[in-house]
């Protein structure tokens, strides 16, 4: 089954016609959305053309170092994003390091595992497989970790009196923060749980849709999608657990104290 | 034999501070707002990092886990914290606190919702919650700040009863007359230091 239909640039131009209509409506109705609409569409087009170019170069070079460099750049952007999505983050290097490291560990373990035992390309780090896989896993783990840390830090800050009340009555730091920690882990897990439950009924995942459009047998595309979703779920969970446990450890100390002085104020 | 001994206790903001409280004694601590009264209490129970020595009986603070230390030296802060919906869930099952909350005028409050408690009720229940664990020393931060006269008397009676049982008590208060009613000695604190020579009988 090979019904892949190549798109021309003219096809893409034609596809933009409805978006252009929206821009016209925006002008007519004075919604003032036209600028944002056009700028973000142009950004999308430029970024995707560039990434296509970069990926093609990396795939053709098939160099381990170039693949690692690309992965490192992805991790840097995702780590920065985790930091930015938290209202209150850890002071200093911990702010970007803790979330980034948790995501990097979880993402790397799961990606390497999938490449070496299930997908098994030659070489196993082949960028054509490693980079898209790592990207999808990283993107979802990033969402989970940032949600988990944001919930945790807000809860510890707001519930300081309750947590310290437990400490004062002789609880250990882990007992005292358990409710806040559980809530943080739950909120980190929620997106992936929701998306697993809705997948295939409410939405067809983008990766699977893309494969089907490019001529892959739907049953094969589904198998890939299941593999990826399982990996994403696993990596997100590991990342959220690692990040929230590490952050509780950082925001408390061995004398069973809550150390909110290690948390930065919002906007700093 | 002092029950609670504080020696050269200092944090980034207060101290060094030294004083003793004997078993069965109530010591009042007064001073202007921001003088470091609450910070001193937090440092004693190790809730903020500090240097210096604190002992209760034969136990040195730094030789035991902080969670065990806080079972010996209990702090009831001015603002109480609650982590569960019902009052009962904040009391350990192995201690019976029924008599205690009765003495504080809150008999039957075990089944109440924490969210519906008044500030004064919370303050008294927080005291009961700490006392039912039988600490050797008790640190109270303005325990009657939002109480009416009747409830204030109940709390003061309980404080005297605790002293009678041999507990060491440190009472932070803004009320000079309260200090006179329940405390044998009075310390004044300004700018994070105990005022020299001001230790006196109230």
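Residue numbers (our numbering), protein chains in the order written: chain P, 17 to 284; chain B, 69 to 270. Glycine included, each C-beta is placed from N, C-alpha and C at the ideal position.
Short Cβ contact (8 Å threshold) for residue i with residue j
| i | j | result |
| --- | --- | --- |
| residue 155 (chain B) | residue 177 (chain B) | yes |
| residue 97 (chain B) | residue 226 (chain B) | no |
| residue 94 (chain P) | residue 154 (chain P) | yes |
| residue 250 (chain B) | residue 209 (chain B) | no |
| residue 183 (chain P) | residue 272 (chain P) | yes |
| residue 83 (chain P) | residue 140 (chain P) | no |
| residue 200 (chain P) | residue 260 (chain P) | yes |
| residue 116 (chain P) | residue 255 (chain P) | no |
| residue 71 (chain B) | residue 124 (chain B) | yes |
| residue 77 (chain B) | residue 85 (chain B) | yes |
| residue 118 (chain P) | residue 262 (chain P) | yes |
| residue 54 (chain P) | residue 39 (chain P) | yes |
| residue 109 (chain B) | residue 207 (chain B) | yes |
| residue 219 (chain B) | residue 144 (chain B) | no |
| residue 234 (chain P) | residue 242 (chain P) | no |
| residue 147 (chain P) | residue 88 (chain P) | no |
| residue 138 (chain B) | residue 163 (chain B) | no |
| residue 174 (chain B) | residue 180 (chain P) | no |
| residue 176 (chain P) | residue 276 (chain P) | yes |
| residue 223 (chain B) | residue 172 (chain B) | yes |
| residue 247 (chain B) | residue 91 (chain B) | no |
Extent of the continuous alpha helix (DSSP H) run through residue i
| i | result |
| --- | --- |
| residue 143 (chain P) | 143 to 174 |
| residue 38 (chain P) | 33 to 44 |
| residue 197 (chain B) | 187 to 199 |
| residue 221 (chain B) | 217 to 232 |
| residue 322 (chain P) | The structure shown does not extend to residue 322 (chain P), since chain P spans only 17 to 284, so no value can be given for it. |
| residue 169 (chain B) | 166 to 171 |
Residue from the options with nearest C-alpha to residue i
| i | options | result |
| --- | --- | --- |
| residue 198 (chain P) | P:168, P:242 and P:240 | P:168 |
| residue 248 (chain P) | P:207, P:173 and P:39 | P:207 |
| residue 215 (chain B) | B:130, B:182, B:249 and B:191 | B:191 |
| residue 179 (chain B) | B:195, B:153, B:171 and B:224 | B:153 |
| residue 231 (chain B) | B:204, B:124 and B:108 | B:204 |
| residue 182 (chain B) | B:149, B:102, B:95 and B:262 | B:149 |
| residue 211 (chain B) | B:196, B:202 and B:200 | B:196 |
| residue 191 (chain P) | P:24, P:264, P:71 and P:236 | P:264 |
| residue 73 (chain B) | B:163, B:142 and B:129 | B:129 |
| residue 135 (chain B) | P:269, P:128, P:277 and P:283 | P:269 |
| residue 234 (chain B) | B:87, B:94 and B:81 | B:94 |
| residue 283 (chain P) | P:185, P:104, P:132 and P:48 | P:104 |
| residue 163 (chain P) | P:202, P:56 and P:231 | P:202 |
| residue 78 (chain P) | P:131, P:215, P:23 and P:138 | P:138 |
| residue 131 (chain P) | P:150, P:121, P:114 and P:113 | P:150 |
| residue 171 (chain P) | P:223, P:102 and P:237 | P:102 |
| residue 12 (chain P) | P:224, P:120, P:258 and P:231 | Past the edges of chain P, shown from 17 to 284, lies residue 12 (chain P), and the structure says nothing about it. |
| residue 156 (chain P) | P:31, P:52, P:68 and P:120 | P:120 |
Which residues DSSP lists as bridging residue i, in chain order
| i | result |
| --- | --- |
| residue 85 (chain B) | B:77 |
| residue 257 (chain B) | B:262 |
| residue 241 (chain B) | DSSP, once it has assigned bridges, lists no residue as partnering residue 241 (chain B). |
| residue 210 (chain P) | According to DSSP, residue 210 (chain P) bridges with nothing at all. |
| residue 154 (chain B) | B:181 |
| residue 121 (chain B) | B:75 |
| residue 219 (chain P) | P:215 |
| residue 110 (chain B) | Per DSSP, none; premise fails for residue 110 (chain B). |
| residue 128 (chain B) | B:123 |
| residue 25 (chain B) | The first residue shown for chain B is 69 and the last is 270, placing residue 25 (chain B) beyond what the model contains. |
| residue 269 (chain P) | P:273 |
| residue 90 (chain B) | B:70 |
| residue 279 (chain P) | P:106 |
Element boundaries [beta strand (DSSP E), containing residue i]
| i | result |
| --- | --- |
| residue 55 (chain P) | No beta strand (DSSP E) contains residue 55 (chain P), which is instead part of the alpha helix (DSSP H) from 50 to 77. |
| residue 94 (chain B) | 94 to 98 |
| residue 205 (chain B) | 205 to 209 |
| residue 256 (chain P) | No beta strand (DSSP E) holds residue 256 (chain P); the alpha helix (DSSP H) holding it covers 234 to 266. |
| residue 84 (chain P) | Unbroken run through residue 84 (chain P) is the alpha helix (DSSP H), 80 to 100; no beta strand (DSSP E). |
| residue 142 (chain B) | 141 to 144 |
Contact belief for residue i with residue j at Cβ below 8 Å, rounded distance in angstroms
| i | j | result |
| --- | --- | --- |
| residue 127 (chain B) | residue 140 (chain B) | 6 Å |
| residue 244 (chain P) | residue 152 (chain P) | 6 Å |
| residue 173 (chain P) | residue 279 (chain P) | 7 Å |
| residue 133 (chain B) | residue 79 (chain B) | Wrong, their Cβ atoms sit about 20 Å apart, outside the cutoff. |
| residue 144 (chain P) | residue 75 (chain P) | 5 Å |
| residue 266 (chain P) | residue 110 (chain P) | 6 Å |
| residue 123 (chain P) | residue 36 (chain P) | That belief does not hold up - the Cβ atoms of residue 123 (chain P) and residue 36 (chain P) are roughly 38 Å apart, past 8 Å. |
| residue 198 (chain B) | residue 142 (chain B) | 4 Å |
| residue 264 (chain B) | residue 81 (chain B) | With a Cβ gap of about 19 Å, residue 264 (chain B) and residue 81 (chain B) do not count as contacting. |
| residue 49 (chain P) | residue 42 (chain P) | 4 Å |
| residue 105 (chain B) | residue 262 (chain B) | Going by Cβ atoms, the distance from residue 105 (chain B) to residue 262 (chain B) rounds to 11 Å, so no, they are not a contact pair. |
CB contact below 8 Å: residue i versus chain A
| i | result |
| --- | --- |
| residue 182 (chain P) | No chain A appears in the structure shown, which is made up of the protein chains P and B. |
Proximity test, residue i beta-carbon vs the ligand FMN heavy atom, cut-off 7 Å
| i | result |
| --- | --- |
| residue 56 (chain P) | The ligand FMN is absent from the structure shown, which contains no ligand whatsoever. |
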